[in-house]
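Have a look at the structure below before the remarks.
Residue numbers (the working numbering): -3 to 118.
Here you go:
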């Protein structure tokens, strides 16, 4: 099993406890602890549709992340399957479990804005 504690003014507090199966040494594992009430994200399409032509083939996107924690956090942004979208302007993207992702660090008590362009491959 896996047990996670977090320090607090009242001593260590239990954050999560979960049973996990056996994994090979060095293998990545992921588990859900809980929904964060301190880290927020807002994703929006910057490109506005033309009243006559509709949306252009390439869309400008922006995600604003805020972190109310005193320490920095790493946020994973899922960008969809590699075959669905061509993504540009976002360094560090990689494919994990069949989905294109990027991980960004948001400073403690701070914000980070991430921008990119996306073009449908269909």
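Idealized CB from N, CA, C, for every residue including glycine.
The C-beta distance from residue 36 to residue 68 rounds to 15 Å, too long to meet the 8 Å contact threshold.
Pairing residue 43 with residue 108 gives a Cβ-Cβ distance that is not under 9 Å.
In this structure residue 94 touches residue 77 by the C-beta definition: roughly 6 Å separates them, less than 8 Å.
Comparing C-alpha distances from residue 86 to each of 56, 7 and 104 shows the shortest one belongs to 56.
For residue 9, the uninterrupted beta strand (DSSP E) segment begins and ends at 9 to 14.
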